[in-house]
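Residue numbers (this note's numbering), protein chains in the order written: chain E, 1 to 423; chain V, 1001 to 1423. This report concerns only the one structure given below.
Number of protein chains: 2
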Amino acid sequence: MSAYTGRLRCVRCGGEHPDPSLELVGAGCPACAADGVPANILPGYDLTGLTALPVDAAQPGLFRYRALLPLAAGTAPVSLGEGGTPVVELPQLAERTGVARVWVKDESRNPTWSYKDRLAAVAVTKAVEVGAETVVVASTGNHGAAVAAYAARAGLRCVVLTLASVPATMKTLMQSYGADVVALERPPDRWSLMRDLVAARGWMAMSGFAYPPAGSNPYGVDGYKTIAYELVEQLPRPPDVVVVPVAYGDGLAGIARGFADLAALGVIERAPRLLAAEPFGPLAEALATGAATAGPVPVRPSVSFSTASPFGTQQSLAALRAAGGAAVATPDDEEIMATQLQLARESGVYLEASSVTAVVALAAARAAGTVRPDDTVVVVGTSTGLKDVGATAARLPEVPLIVPTIGALDDALAGAPAARPAG
Amino acid sequence: MSAYTGRLRCVRCGGEHPDPSLELVGAGCPACAADGVPANILPGYDLTGLTALPVDAAQPGLFRYRALLPLAAGTAPVSLGEGGTPVVELPQLAERTGVARVWVKDESRNPTWSYKDRLAAVAVTKAVEVGAETVVVASTGNHGAAVAAYAARAGLRCVVLTLASVPATMKTLMQSYGADVVALERPPDRWSLMRDLVAARGWMAMSGFAYPPAGSNPYGVDGYKTIAYELVEQLPRPPDVVVVPVAYGDGLAGIARGFADLAALGVIERAPRLLAAEPFGPLAEALATGAATAGPVPVRPSVSFSTASPFGTQQSLAALRAAGGAAVATPDDEEIMATQLQLARESGVYLEASSVTAVVALAAARAAGTVRPDDTVVVVGTSTGLKDVGATAARLPEVPLIVPTIGALDDALAGAPAARPAG
């Protein structure tokens, strides 16, 4: 039993489209694209008669919530045991920031160690449902790795269009799952090629190819709804604020939709306020000016390469405006990397730079009064620091090589010049 | 309420010692050490009156099983939400190997992405219980990272003695949590220095420093019992065989002790057979010859650097002999790395080389008849491939840089020489 209506609805104009609308997956709403404002179409649900969060404990991973996912009843889930990630409290961060409580939703605890597994689980399951044989994705790493792993699990071919500039770890991870990985020079090159491939070959898009961007595979976006469901099941009471790192806002939109479901079901009184963390601030600018579109804003190379977008999307703007949300730009690489280490050293939680932008944004929003002293806060930790360990290493001393004596250890830890760096 | 007796018992001679016996944590049984055969001392329990697995759902992470952990009643758990890792079925591996069913227990889904978090959670909690201010660990990476993270969480100082040869990713990960990390040339150098530090400074050992090795912190070893408890809660029925990558056998011993608890409680009829996977085979040799000690055997550099030991321990021999276990040497680096990619490409599960030895050992044991066609098998996937991504990258083609046309993509994927490698 699913509450899915079998129809997709544009987040901007409200236009409806039947499932699967394969040509719109990745391109978004044709009417809005014709307006020059690409916008994602997202699944619709009819919650009539439901008064609680429906859970099917016999289903694997996040498919325990499949009644609220956009799948046909008979479709076999493609699961690697994703979701069900823990919330870990960060008391020092709460105290330093000046809020009541903070937890990180540790999404590094997913099958490919990022929250993109939630998107990939649902999008690849949908690809199997509609009979696709090849999936294609443009990605700086986490998204591509997640889709590659789930495609491998499902026996589908996966083609990843990445950038030459992404860290070697990300490239190897995507290749390890057997995906065909190629690099392009500029982000928009990937989208034009993907558009051509979808049209010419009938491949199913796992990410968007509209320009300006509209967001990712609509079915996959609803995989993120499960973060909201889990938070409400895990925490003593729903959080006041949820902070999400954002590029095109698939996670933000999905989480907002999950909380909206919970409010409609009567499980929570009202949805938490959402705070978007973005390296260069297109959404923050649009919210400040009331603009109908977000960006482009100037960008430069960033340690938060997973989220360093000049554009915000219509789905992000809609989610933030509906939930009384806010957005904060986090352009300072040194602040991000210092916060990454601070968090690891005080709490034992080592997140990738793009995830750490959420912690930086929280502090800024508290200072600005957008977040209040009595607020409880969840920060979505989207991926592990292991995905770009080189960025951390560049800010740490070399490990010294010592002889096995206490004196040598003391000298080395005091920074004595006699200690040689160890390989 | 805990079933812990407050006494530790030698795995070789049966001698008993009171908790905390701090001087024996890391050194092992003094009587056996005087015999020249160092052996770990492990916690004792009194299960009288218990007839089911006691679970306290209000406790975080693996502390839900704290009634069967060696902790005082009032001790606050140091938890990062460890444990509760999923089992993921591997149908292609089962078919290829010729066994009934295979699952991987995906321990990469822990807080520092390896099963060492189970050891660290309990050992660091014990360090807090006994009032230690500094913990010290000798590690090639996973163990050190786990202890560093939990020490950070608990506000303790952590000193890691590693090897110059470990991958840069491992060094950075350990440092990221604020540990003081130094490298030594040879493994035994670390142990002699740790012995000196424990004696001179009163630091608490999180790994062993006996030579030949005896195993790690006894309290931490019992953290691994929770893998057995979870497997019995997760699977439709208990597995026939559990395959564990082994160096000094902390995980093997802990898992064996967990299953022994479950058998004593009447939760299972009998413990599964255990299969140890070890790069160079000291346990396999000792089991074949009936020797009282395991190793040293010749070693060389190995992709399975986390487990590449010349010695087996007394705790491993005891666990394997008690449970009708077996051990398999997995010396072939190329076979391990090919199996790593095969597993990722067919199942979406990317494990570190040391974990993959368990898959290699399973195939060998099936071929030898030690594992039978009707057996159900769990492979313990101890850590993620991300911990040494360079070893994988060395066996993959470079990612080609292309122009955004379908023709260029087709050429690149066909291996056309026009495609340039991408950075």
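Just so it is clear, CB atoms sit at the ideal spot from N, CA and C, and this is done for glycine as well.
- P1245/V is bridged by DSSP to A1277/V.
- I406/E is positioned such that its CB atom lies closer than 8 Å to that of L1197/V.
- Proximity of chain V to I406/E at the Cβ level (cut-off 9 Å) is accounted for by L1193, D1196, L1197, A1200, R1201, in chain order.
- Proximity of the segment 1349-1358 of chain V to the segment 1379-1386 of chain V meets the contact definition, three or more beta-carbon pairs being nearer than 8 Å.
- Looking at the DSSP output, P1404/V sits in no beta bridge, so it has no partner there.
- Not a single CB atom of chain E sits nearer than 8 Å to the CB of P1272/V.
- Inclusion of G1061/V and I1041/V in the CB contact set at 8 Å is not warranted, their separation being larger than that value.
- For S347/E, a Cβ of chain V is located within less than 8 Å of the residue's own Cβ.
- Within chain E, the residues whose beta carbon sits less than 9 Å from that of L1184/V are L401, I402, V403, P404, A422, listed in sequence order.
- In this structure, L53/E and V267/E form a Cβ contact; the two beta carbons are roughly 5 Å apart against a cut-off of 8 Å.
- At a cut-off of 8 Å between beta-carbon atoms, R157/E makes no contact with chain V.
- Identification of chain V residues near V181/E by a Cβ-Cβ cut-off of 8 Å yields V1399, ordered along the chain.
- Under the DSSP assignment, R1257/V falls in the alpha helix (DSSP H) whose first and last residues are 1250-1264.
- Looking from the CA of V135/E, the closest CA among L252/E, G98/E, A179/E belongs to A179/E.
- Proximity of chain V to D106/E at the Cβ level (cut-off 7 Å) is accounted for by G1081, in chain order.
- From the listed residues V1297/V, L1047/V, T1048/V, R1066/V, the smallest Cα separation to V1055/V is found for R1066/V.
- Contact annotation: in the segment 1070-1104 of chain V, residues whose CB is within less than 7 Å of a CB in chain E are L1080, G1081, P1086, V1088.
- By the Cβ rule, the segment 1182-1190 of chain V counts as touching the segment 1157-1165 of chain V, because three or more pairs are nearer than 8 Å.
- A straight-line Cα-Cα distance of about 25 Å links E230/E and A363/E.
- For A264/E, same chain residues with a beta-carbon under 6 Å away, outside a window of 5 residues either side, are L47 in chain order.
- Put simply, the CB of L409/E is near chain V, with a gap under 8 Å to one of its CB atoms.
- For chain E, the residues of the segment 1138-1158 of chain V that bring a beta carbon within less than 7 Å of one of its beta carbons are A1149, Y1150, A1152, R1153, in chain order.
- Exposure of A1073/V is indicated by the presence of fewer than 16 other C-beta atoms within 10 angstroms of its C-beta.
- Under the three-state reduction of DSSP, C32/E is assigned to helix.
- Within the segment 202-226 of chain E, no residue has a Cβ lying closer than 8 Å to any Cβ of chain V.
- Here the alpha carbon of D1375/V sits roughly 10 Å from the alpha carbon of A1094/V.
- Counting only residues of its own chain and dropping the five nearest sequence neighbours on each side, E1129/V has a CB closer than 7 Å to the CB of L1071, A1072, T1075.
- Here V1328/V really is in contact with A1277/V; their C-beta atoms are around 6 Å apart, less than 8 Å.
- Chain-order list of chain V residues neighbouring R109/E: G1081, R1109, N1110, P1111, by C-beta distance under 8 Å.
- For D1106/V, the uninterrupted beta strand (DSSP E) segment begins and ends at 1101-1106.
- Under the DSSP assignment, D117/E falls in the alpha helix (DSSP H) whose first and last residues are 116-129.
- Contact check for P1404/V and D189/E: beta-carbon distance about 4 Å, within the 8 Å limit, so the pair qualifies.
- In terms of Cβ geometry, K1105/V and V1378/V form a close pair [threshold 8 Å].
- Within a 10 Å sphere around the beta-carbon of E1107/V sit 16 or more other beta-carbons, which makes this residue buried.
- In this structure M1001/V is exposed. Its beta-carbon is surrounded by fewer than 16 other beta-carbon atoms within 10 angstroms.
- Under the Cβ criterion of 8 Å, G1295/V is not counted among the residues facing chain E.
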